[in-house]
Amino acid sequence: MKFPLFFPALLLAAMLMTEGLHAQDFVAKLVYARNQPPQEKSDPGLDPALLKKIEKTFGYKYHRIAAQARSPITKYTADFPRLGQDFSLKIEELGHQDGKYRLRINLFHKNKSLLETTVDFRKDVPLLIRGPFYDQGELILVIEMTDK
Amino acid sequence: MNPESGKKTPRPPETVYLAGLVDGQLDFSQRNKIKSLVEKDPSLIDEQVEQEKIREVLRKNIPKTTCPDNPDFFWSQVQNRLHAEKRRTPAREVRSHLLASLSRLWAPAFGAALVILLLALGGQHFFSGNGSRFAEVSETRTFQEHVYATAFKSREAGVTVIWVDGFEYIPATPGTF
Numbered sequence: 008m009k010f011p012l013f014f015p016a017l018l019l020a021a022m023l024m025t026e027g028l029h030a031q032d033f034v035a036k037l038v039y040a041r042n043q044p045p046q047e048k049s050d051p052g053l054d055p056a057l058l059k060k061i062e063k064t065f066g067y068k069y070h071r072i073a074a075q076a077r078s079p080i081t082k083y084t085a086d087f088p089r090l091g092q093d094f095s096l097k098i099e100e101l102g103h104q105d106g107k108y109r110l111r112i113n114l115f116h117k118n119k120s121l122l123e124t125t126v127d128f129r130k131d132v133p134l135l136i137r138g139p140f141y142d143q144g145e146l147i148l149v150i151e152m153t154d155k
Numbered sequence: 119m120n121p122e123s124g125k126k127t128p129r130p131p132e133t134v135y136l137a138g139l140v141d142g143q144l145d146f147s148q149r150n151k152i153k154s155l156v157e158k159d160p161s162l163i164d165e166q167v168e169q170e171k172i173r174e175v176l177r178k179n180i181p182k183t184t185c186p187d188n189p190d191f192f193w194s195q196v197q198n199r200l201h202a203e204k205r206r207t208p209a210r211e212v213r214s215h216l217l218a219s220l221s222r223l224w225a226p227a228f229g230a231a232l233v234i235l236l237l238a239l240g241g242q243h244f245f246s247g248n249g250s251r252f253a254e255v256s257e258t259r260t261f262q263e264h265v266y267a268t269a270f271k272s273r274e275a276g277v278t279v280i281w282v283d284g285f286e287y288i289p290a291t292p293g294t295f
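This is the structure in structure tokens:
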């Protein structure tokens with residue numbers, strides 16, 4: 008009999024696919040933005056759409072990713088990804104519903120907390136945080152959630 | 119019947135024709151002929167009335183007869199079973215027709231289920247991905263004096279921003295990044 012097997016199989020496939028959609032990674036990028044041209048021309052390493060958003064918001068001409076971290080989202084578990092030598096993050100998932108993830112994010116500089124924020128994220132919808140001035144420009148923290 | 123000789127008395131032809139007239143079996147010429155005879159002979163009128171009464175009584179009292187069973191019991195049982203089978207066959211045909219219809223519906227049902235599944239997943243993907251263009255900041259705190267944070271949605275850039283003022287300048291040192 009094919010009928011009794013078909014619908015459970017379909018349900019299982021749906022559950023697996025839905026689970027696949029729920030599996031998300033937290034991605035943080037510390038972008039060094041400035042107006043002075045770099046000595047060597049290099050690829051900023053950013054998605055063009057995201058780069059456009061950063062340019063429109065902060066108005067800098069040149070960008071490069073100074074440090075980045077990726078960590079899986081695990082409910083009620085904190086993760087501490089590092090961003091270079093001096094910066095780090097603490098990320099906690101407070102819950103998720105209908106593709107919306109509520110995260111509490113702490114930004115640290117040399118183990119000193121600079122900022123704490125609670126944000127509802129959706130997949131591929133970034134958040135920009137204006138960081139401290141650094142060298143000849145400014146550090147911008149880009150946070151988003153992407154598929155694993 | 120003649121009681122003296124014991125032989126059957128032949129019926130007069132008028133009586134036979136009269137019976138035919140009462141039964142409506144005669145053709146046009148025969149009917150005219152017997153009618154002219156009845157008009158000439160009053161005894162035939164009585165006979166006609168008598169025969170009509172008899173037929174009326176018979177019509178009203180037709181005995182209820184049933185067909186007797188086949189004398190051979192075994193064959194009558196076989197016959198009964200065959201009749202029963204004949205009665206059941208249409209139901210089976212209906213059932214098999216229904217199953218055939220369901221099997222024909224299998225492919226469209228599968229397709230419909232797949233479309234519904236993809237729509238549901240696509241909808242979820244849409245709402246989880248591109249459905250909302252902005253991250254929602256519900257709370258922001260800073261931990262240094264003279265450091266202030268403001269969250270806003272930049273419609274022009276299409277992005278949520280936490281704008282922090284007052285961080286200390288960080289000089290570039292080798293190995294920082």
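Protein chains in written order, with my numbering: chain A, 8 to 155; chain B, 119 to 295.
Note that the Cβ used here is the ideal one computed from N, Cα and C, for glycine as well.
Taking Cβ to Cβ, would you say residue i is nearer than 8 angstroms to residue j?
i, j, result
"B:V282", "A:K60", "no"
"A:H70", "A:A35", "no"
"A:H103", "A:R109", "yes"
"A:V132", "A:E151", "yes"
"B:S360", "A:T125", "Nothing about residue 360 of chain B can be read from this structure; chain B reaches only from 119 to 295."
"B:A267", "B:I280", "yes"
"B:P253", "A:K63", "In the sequence under discussion, the amino acid at residue 253 of chain B is Ala, which differs from the Pro named in the question. Not closer than 8 angstroms, so no."
"B:G293", "B:H264", "no"
"B:V175", "B:Q166", "no"
I'd like to confirm something about residue i: is its beta-carbon nearer than 7 angstroms to some heavy atom of the ligand ATP, or not?
i, result
"A:I61", "In the structure on display, the ligand ATP does not appear, and there are no ligands present to speak of."
Got a sec: is the Cβ-Cβ distance from residue i to anything in chain B below 8 angstroms?
i, result
"A:P139", "yes"
"A:K155", "no"
"A:Q92", "yes"
"A:L122", "yes"
"A:Y39", "yes"
From the DSSP output, in three-state form, read off residue i for me.
i, result
"B:Q166", "helix"
"B:I234", "helix"
"B:G142", "coil"
"A:T64", "helix"
"B:A225", "helix"
"B:A137", "helix"
"B:R213", "helix"
"B:N248", "Caution is warranted here: a pLDDT of 47 is assigned to B:N248, below 50, making its placement in the model unreliable, and the coordinate value is therefore given only provisionally. B:N248 falls in the coil class under three-state DSSP."
"A:S49", "coil"
"A:I136", "strand"
"B:E203", "helix"
"B:R177", "helix"
"A:N42", "coil"
"B:R273", "coil"
"A:A73", "strand"
"B:I152", "helix"
Measure how close the beta-carbons of residue i and residue j come, nearest whole angstrom, since I'm counting them as under 8 angstroms.
i, j, result
"A:G106", "A:K130", "7 angstroms"
"A:A76", "A:L90", "6 angstroms"
Between residue i and chain A, is any beta-carbon pair separated by less than 8 angstroms?
i, result
"B:E263", "no"
"B:S219", "no"
"B:G276", "yes"
"B:F285", "yes"
"B:P289", "yes"
"B:E257", "yes"
"B:A253", "yes"
"B:S214", "no"
"B:W281", "yes"
"B:G293", "yes"
"B:A225", "no"
"B:A230", "no"
"B:S194", "no"
"B:A267", "yes"
"B:G247", "Low local confidence applies: a pLDDT of 45 at B:G247 is under 50, so the model's placement there is unreliable, and no value is given."
Roughly how many angstroms separate the alpha carbons of residue i and residue j, rounded to a whole number?
i, j, result
"A:P79", "A:E99", "11 angstroms"
"A:Q31", "A:D86", "14 angstroms"
"A:E123", "B:F295", "23 angstroms"
"A:G52", "A:L101", "30 angstroms"
"A:Q92", "A:S120", "15 angstroms"
"A:L37", "A:A56", "17 angstroms"
"B:R177", "B:L136", "18 angstroms"
"B:L235", "B:A225", "15 angstroms"
"A:A73", "A:F33", "17 angstroms"
"B:E203", "B:Q197", "10 angstroms"
"A:G66", "A:P139", "15 angstroms"
"B:I152", "B:L139", "8 angstroms"
"A:N113", "A:F94", "11 angstroms"
"A:Q43", "A:S49", "13 angstroms"
"B:S194", "B:R205", "17 angstroms"
"A:I136", "B:F228", "48 angstroms"
"A:T84", "A:Q46", "42 angstroms"
"A:Y141", "A:D54", "23 angstroms"
"B:D145", "B:H201", "44 angstroms"
"A:P88", "B:S272", "27 angstroms"
"B:Y287", "A:R111", "25 angstroms"
"B:R222", "A:K82", "46 angstroms"
"B:A231", "A:L134", "37 angstroms"
"B:S147", "B:N179", "33 angstroms"
"B:R251", "B:S219", "48 angstroms"
Could you tell me whether any Cβ in chain C is nearer than 8 angstroms to the Cβ of residue i?
i, result
"A:F128", "The structure shown has no chain C; the protein chains it does contain are A and B."
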